[in-house]
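Before any comments, here is the structure.
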Amino acid sequence: MTPSSPLPSVANLRKAVPTSTGLKDALTGFADINRTAAVEPIRALAFYAAIVLPLVYLPLIANGITAERLTIIAGLLLANAAALVLGHGHGSR
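Numbering-wise (UniProt numbering), the sequence shown opens with residue 1 and increments by one.
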């Protein structure tokens, strides 16, 4: 450490962290399996929802935006944005 850079270098930090242990690897693998099993169906549903939602709100926009339709269209646009974010990683493996 020097006065100009008070934080330790990354190389020094890597030396301080112990190498992975069997327990750490087992726990990490277990967490990855559960995360994948829980997240992948949600990610797949969001991916396909992002594809289908424009088919719902584009006809509403094409028929004209009225005051009562505005909240529906805004909600569908927000749902589509959320589906795009959540479903982004589906099928990437």
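For every residue, glycine included, the Cβ atom is placed at its ideal position computed from N, Cα and C.
Beta-carbon gap between residue i and residue j smaller than 9 Å
i: G75; j: F47; result: no
i: A81; j: A49; result: no
i: I73; j: L60; result: yes
i: L55; j: A83; result: no
Cα-Cα separation between residue i and residue j, rounded to whole angstroms
i: G91; j: T71; result: 32 Å
i: L77; j: V39; result: 23 Å
i: A67; j: V85; result: 28 Å
i: A37; j: A44; result: 12 Å
i: R69; j: L58; result: 12 Å
i: P41; j: I65; result: 34 Å
i: G89; j: A62; result: 31 Å
Three-state secondary structure assigned by DSSP to residue i
i: G87; result: coil
i: G75; result: helix
i: N63; result: coil
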